[in-house]
Each structure stands twice: as C-alpha cells, then as structure tokens.
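Asker: The sequence shown lines up with residues 1 to 229 when you count with the working numbering.
Even for Gly, the Cβ is constructed at its ideal location relative to N, Cα and C.
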Amino acid sequence: MEREAIKRVKVLLLDFDGVFYPFTTDFHAHVNQAAARAALRLGVPLSPEDALILAERSYAALGSSVEAFQKLYDLPVQDCHGTFSEELNPTVVEALHVTAEHLMMCPVEKAILSHGSRAWIRGVLDRFGLNDLFPDSHVFGLEDLDFRFKQQEDGAVYRHVLDRLGTTAEGTVMVEDTLCNLPPAKGLGLTTVYITQGRPFEPAKHPYVDHTFVDLATFFDATFEPLAR
Ligand SMILES: [Mg+2]
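1. Around ligand 1, what residues have a beta-carbon under 6 Å from a heavy atom of it, in chain order?
2. Output the distance between the C-alpha atoms of Tyr158 and Arg37, rounded to the nearest integer angstrom.
3. Identify the residues that DSSP records as bridge partners of His211: which are they?
4. Taking 8 Å as the threshold, find out whether the region 21-41 comes into contact with the region 130-140 through three or more Cβ pairs.
5. Skipping 5 residues on each side, what residues in its chain have a beta carbon closer than 8 Å to that of Ala68?
6. Would you call the CB atoms of Val77 and Phe147 closer than 8 Å?
7. Ignoring anything shorter than 3 residues or poking outside the region 81-146, list the beta strand (DSSP E) runs there in chain order.
8. Within 10 angstroms of its Cβ, does Asp210 collect 16 or more other Cβ (buried), or is it exposed?
9. So, helix, strand or coil for Tyr21, using DSSP?
Here's what the structure looks like:
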C-alpha cells in the first residue's frame with residue numbers, strides 16, 4: 001500500500017509499549033524490578049536479588065521480564081500477567097512520542113493492540129490526558145486476547161481484533177516496534193508499519209514490513225494533515 005493510501009484505511013492498530021513512548025534504561029530497570037517483585041508475590045522460591053537476576057536474563061533472552069518465571073515455575077499466565085501489571089508504575093514513562101493533536105489530526109479510527117495489560121495502557125494514557133481518545137472497545141490488552149501473542153503464526157490475535165472492530169485486513173494498518181509481531185499481520189493482508197526507534201533496519205531482510213518510521217510522531221506527521229487552526 002502506498003503511503004498516501006494509509007489515510008484512507010478504516011482502522012489504525014497501534015502497538016503501545018515502544019510505540020507510544022520510547023524504552024529507556026530506567027524503564028528497563030523498572031520493568032525487571034516489577035517482574036521480580038511479582039514473581040516473589042506469586043511464591044517463586046528465590047531471594048529478591050536472584051529474582052531480579054532472573055528477570056534481567058529473561059528480558060535479555062526472551063524479550064519479556066516475566067516469561068522465564070512463568071516457564072521455570074509453571075505459573076499461570078493470567079496470574080503472572082496480572083501481578084506484574086500491578087507492580088508497574090505509569091509514572092516511570094516520562095514522555096509520550098505522540099500528542100493529543102497527533103491523534104486528533106488522524107481521521108482514521110484508532111485502536112491499541114498490546115501485550116501489556118489494559119490497566120497499564122489506561123494508566124499511562126491517563127497520565128498524559130489521552131484516555132478519552134480511546135473508548136474501551138478500542139483498547140486491547142493481553143487479557144482481551146485470551147493471553148495469546150501477536151506473533152502467533154496463524155494470525156489468530158489479529159483476526160480476533162479485526163472481528164471485534166468490524167474491519168477487514170485490507171482496511172487495517174498495524175503500527176508496531178517489535179518485528180516478530182508483523183509477519184502474521186502481513187500474512188493476513190494488513191498493511192504493516194515498523195517503528196524503528198532509530199535502530200538499524202535492512203528492508204530486504206524483512207519483506208513483511210511495508211513502511212518504516214523512526215517514531216509514532218513522525219508517522220503521524222508524514223501521513224496525516226495537520227489540523228486546521
Ligand atoms: Mg511494543
């Protein structure tokens with residue numbers, strides 16, 4: 001799909017973490033500490049120091065601070081996700097990469113599709129005064145996806161969300177900062193946008209990516225017209 005055509009699609013699906021705000025060193029540390037605290041609350045038999053080390057290793061190896069606890073200690077995904085979410089503090093997000101004006105200048109219906117929890121997404125949006133721009137029907141946290149992940153090869157998560165929003169794959173764009181989440185979207189026929197956050201990107205290695213932008217503000221600025229003043 002040509003970039004110009006994006007503004008005529010029906011729905012823009014936006015990943016949340018890493019798209020609405022950039023990851024910082026402090027944010028990574030906070031996430032690992034939250035995962036370690038959650039694991040201890042769930043009864044994982046480790047010292048606080050060892051729990052933090054496992055959280056750090058889990059993040060480095062699996063891209064998730066909680067996944068290693070879940071696998072090694074056979075913790076139910078719902079408990080892990082819920083407790084971890086409670087331990088996260090939205091004030092650790094210092095700034096968003098998008099403003100209310102960016103969101104309002106975009107005439108396309110917007111929804112959030114995230115592996116974070118609904119409470120986390122709402123907490124961060126609330127901190128920046130953006131909660132009213134996303135009705136409940138347009139916020140999908142992991143618990144709304146039956147704890148399935150976007151990278152699932154059959155695209156089940158995307159199909160579920162398209163059905164809920166009453167849209168088609170062809171009429172939908174997915175904006176994402178995690179590459180492995182995009183092949184199933186492309187496979188179903190969605191247009192894919194990769195947010196690089198400044199990381200190097202070789203298009204030839206990722207044919208399932210249609211467009212790249214450094215951050216969400218740049219995507220909105222390049223794609224939609226500014227509001228008339
Ligand atoms: Mg992300």
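Answerer: On the basis of the coordinates in this document:
1. Selection output, chain order preserved: Asp15, Asp17, Gly18, Val19, Asp177, Thr178.
2. Near 31 Å, if we compare the C-alpha coordinates of Arg37 and Tyr158.
3. Residue pairing of His211 in beta bridges, as defined by DSSP: Val193.
4. Touching, no.
5. Apart from sequence neighbours up to five positions away, the residues of its chain that approach Ala68 with a beta-carbon distance below 8 Å are Leu54, Ala55, Arg57, Ser58, Ala61, Leu62, ordered along the chain.
6. With contacts defined by Cβ atoms closer than 8 Å, Val77 and Phe147 form a contacting pair.
7. Qualifying beta strand (DSSP E) stretches, in chain order: 109-113.
8. Buried is the call here.
9. In this structure, Tyr21 counts as strand in the three-state DSSP scheme.
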